[in-house]
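Student:
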Amino acid sequence: QALILQSQKEKCGGTLLSPEWVVTAAHCLEYTHPIQLRVRLGEHKINYDEETEQESGVARIIIHEGYTYGQVNNDIALLNLETPVNLTDYVVPICLPEKRFAVYELSSIKFSTVSGWGRLLDGGITSSILMKVDLPRVKTQECEKETDLNITENMFCAGDLTGTKDSCKGDSGGPHATKYKNTWFLTGIVSWGKGCAVKGSYGVYTRVSKYIDWL
Numbered sequence: 081q082a083l084i085l086q087s088q089k090e091k092c093g094g095t096l097l098s099p100e101w102v103v104t105a106a107h108c109l110e111y112t113h114p115i116q117l118r119v120r121l122g123e124h125k126i127n128y129d130e131e132t133e134q135e136s137g138v139a140r141i142i143i144h145e146g147y148t149y150g151q152v153n154n155d156i157a158l159l160n161l162e163t164p165v166n167l168t169d170y171v172v173p174i175c176l177p178e179k180r181f182a183v184y185e186l187s188s189i190k191f192s193t194v195s196g197w198g199r200l201l202d203g204g205i206t207s208s209i210l211m212k213v214d215l216p217r218v219k220t221q222e223c224e225k226e227t228d229l230n231i232t233e234n235m236f237c238a239g240d241l242t243g244t245k246d247s248c249k250g251d252s253g254g255p256h257a258t259k260y261k262n263t264w265f266l267t268g269i270v271s272w273g274k275g276c277a278v279k280g281s282y283g284v285y286t287r288v289s290k291y292i293d294w295l
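Numbering (my numbering), first residue to last: 81 to 295.
(1) For Pro216, tell me which candidate among Ile209, Trp272 and Val194 has the shortest Cα-Cα distance.
(2) Report back the beta-carbon spacing between Glu226 and Lys290 to the nearest angstrom; my notes put them in contact at under 8 Å.
(3) Under 8 Å: do the region 166-183 and the region 142-150 share three or more Cβ pairs, one atom per stretch?
(4) Does Thr95 come out as helix, strand or coil in the three-state DSSP assignment?
(5) Quick one: what's got a C-beta closer than 7 Å to Pro114's C-beta in the same chain, skipping five residues either side?
(6) Please classify Pro164 as buried or exposed, where buried requires at least 16 neighbouring CB atoms within 10 angstroms.
(7) Under the three-state reduction of DSSP, which class applies to Thr193: helix, strand or coil?
(8) How big is the Cα-Cα spacing for Trp264 and Gly239?
(9) Grouping DSSP H, G and I as helix and E and B as strand, with all else coil, what is Gln134?
(10) What three-state label does DSSP hand Leu201 in the structure shown?
(11) Which one or two residues does DSSP pair with Arg217 in a beta bridge?
(12) Tell me the rounded alpha-carbon separation between Tyr260 and Lys190.
(13) One question on the structure: do Val102 and Leu167 come within less than 8 Å of each other, judged by their Cβ atoms?
(14) Which term fits Glu110, buried or exposed, when burial requires 16 or more other beta carbons within 10 angstroms of its beta carbon?
(15) Return the bridge partner residues of Thr168 from the DSSP annotation.
(16) Measure the alpha-carbon distance for Gly196 versus Ile209 and round it to whole angstroms.
(17) How about Val288 and Ala157: are their beta carbons less than 8 Å apart?
(18) Here's a check: name, in chain order, each residue in its chain whose Cβ is nearer than 6 Å to the Cβ of Thr220, leaving out the five neighbours to either side.
(19) DSSP three-state call for Lys261: helix, strand or coil?
(20) Alpha carbon to alpha carbon, what distance is there between Gln116 and Ser192?
(21) Using the Cβ count rule (16 or more neighbours within 10 Å means buried), how would you classify Ser271?
(22) Quick check on Ala315: does DSSP put it in helix, strand or coil?
(23) Can you round the beta-carbon distance between Gly253 and Cys108 to whole angstroms, since I take them to be within the 8 Å contact cut?
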């Protein structure tokens, strides 16, 4: 799990793919120059030095060419780290699934894990400790009933309608990870939703299986 900072402020989450690449949501990087960004890995509790953290500047930002500012389709981007991180017990890249495996196996696993330092309550304070939540996938038709926005094939929904658990603002760009035989695979990127854990509303994620070749 990566924490993306812009001008020293927590901005978004991200996910380590290799020692020098982090994937995140494109909407996190609108009107942003690499010089404003820092990426922190091995973080658990913000503002508390656990001696597991590693930080790097960003050499370049690659936003998916199909992404349009202010829109939600193709909400995916890569950050190339200036200083490759050292892999440790606390800084571990996630596995990128092979496309067929992601489509046929991983997407049929009901529950996946979403994590971040986002707001514990919408409008609330940002959590200083990395939180995670297990959320069920939701059929796109079900999801479209709950939202007025078009859910394209590049997105999927997850969450529960009781309004108790969800990803939230500061979690954007973070991982939706699916466990298969003790290995974690990246299946989604926190993209958007109506508020957070709103009763009767789901979270929307970038469908990573559509971008394996791009990544």
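The C-beta atom is built at its ideal place from N, Cα and C for all residues, glycine as well. From a predicted model like this one, the values you see are computed outputs, not experimental measurements.
Tutor: Concretely, from the data shown:
(1) As a position in the sequence shown, residue 216 is number 136, starting the count at 1. Of the candidates Ile209, Trp272 and Val194, the one whose C-alpha sits nearest the C-alpha of Pro216 is Val194.
(2) Within the sequence shown, numbered from 1, the residue matching residue 226 stands at position 146. Within the sequence shown, numbered from 1, the residue matching residue 290 stands at position 210. The pair is not a contact, with the Cβ atoms about 22 Å apart (cut-off 8 Å).
(3) Contact between the region 166-183 and the region 142-150 is absent, with fewer than three C-beta pairs closer than 8 Å.
(4) Here residue 95 is taken as the residue at index 15 of the sequence shown, counted from 1. Looking at Thr95 - three-state DSSP - the assignment turns out to be strand.
(5) Mapped onto the sequence shown, residue 114 falls at position 34. Answer for Pro114: Val138, Ala139, Arg140 and Ile141, listed in chain order.
(6) As a first step, residue 164 must be located in the sequence shown, where it is residue number 84. With a threshold of 16 other beta carbon atoms within 10 Å, Pro164 falls short and is exposed.
(7) The residue you call residue 193 lines up with position 113 of the sequence shown. For Thr193, the secondary structure class from DSSP, reduced to helix, strand or coil, is strand.
(8) Stepping through the sequence shown from its first residue, residue 264 is reached at position 184. Stepping through the sequence shown from its first residue, residue 239 is reached at position 159. Each residue's Cα considered, the two are about 19 Å apart.
(9) If you number the sequence shown from 1, residue 134 lands on position 54. For Gln134, the secondary structure class from DSSP, reduced to helix, strand or coil, is strand.
(10) The count along the sequence shown starts at 1 and reaches residue 201 at position 121. Model confidence at Leu201 stands at a pLDDT of 49, short of 50, so the residue's coordinates are unreliable and nothing is read from them.
(11) What you label residue 217 is simply residue 137 of the sequence shown in a count that begins at 1. Answer is Ala238, bridged to Arg217.
(12) Here residue 260 is taken as the residue at index 180 of the sequence shown, counted from 1. Here residue 190 is taken as the residue at index 110 of the sequence shown, counted from 1. Between the C-alpha atoms of Tyr260 and Lys190 there is a straight-line separation of about 11 Å.
(13) For the purposes of this step, residue 102 is identified with residue 22 of the sequence shown, where counting begins at 1. For the purposes of this step, residue 167 is identified with residue 87 of the sequence shown, where counting begins at 1. Cβ distance not < 8 Å, so Val102 and Leu167 don't count as in contact.
(14) As a position in the sequence shown, residue 110 is number 30, starting the count at 1. Around the C-beta of Glu110, fewer than 16 other C-beta atoms lie within 10 Å, and the residue is accordingly described as exposed.
(15) Along the sequence shown, one-based indexing puts residue 168 at 88. Bridge partners of Thr168: none, in fact.
(16) Position 116 of the sequence shown, counting from 1, holds the residue named residue 196. Position 129 of the sequence shown, counting from 1, holds the residue named residue 209. Rounded to the nearest angstrom, the two C-alpha atoms are 8 Å apart.
(17) Here the question's residue 288 lines up with position 208 in the sequence shown. Here the question's residue 157 lines up with position 77 in the sequence shown. No, Cβ-Cβ distance for Val288 and Ala157 is not below 8 Å.
(18) The sequence position of residue 220 within the sequence shown is 140, counting from 1. Ile231, listed in sequence order.
(19) Along the sequence shown, read from residue 1 onward, the residue named residue 261 stands at position 181. Assignment of Lys261 by DSSP, reduced to helix, strand and coil, places it in the coil class.
(20) Residue mapping note: residue 192 aligns to position 112 of the sequence shown, counting from 1. Residue mapping note: residue 116 aligns to position 36 of the sequence shown, counting from 1. Each residue's Cα considered, the two are about 32 Å apart.
(21) If you number the sequence shown from 1, residue 271 lands on position 191. The residue in question, Ser271, is buried, as its Cβ has 16 or more Cβ neighbours within 10 Å.
(22) For the chain, the structure presents residues 81 to 295; residue 315 sits outside this window and is missing.
(23) The sequence position of residue 253 within the sequence shown is 173, counting from 1. The sequence position of residue 108 within the sequence shown is 28, counting from 1. Cys108 and Gly253 do touch by the CB rule: their CB atoms are close to 5 Å apart, below 8 Å.
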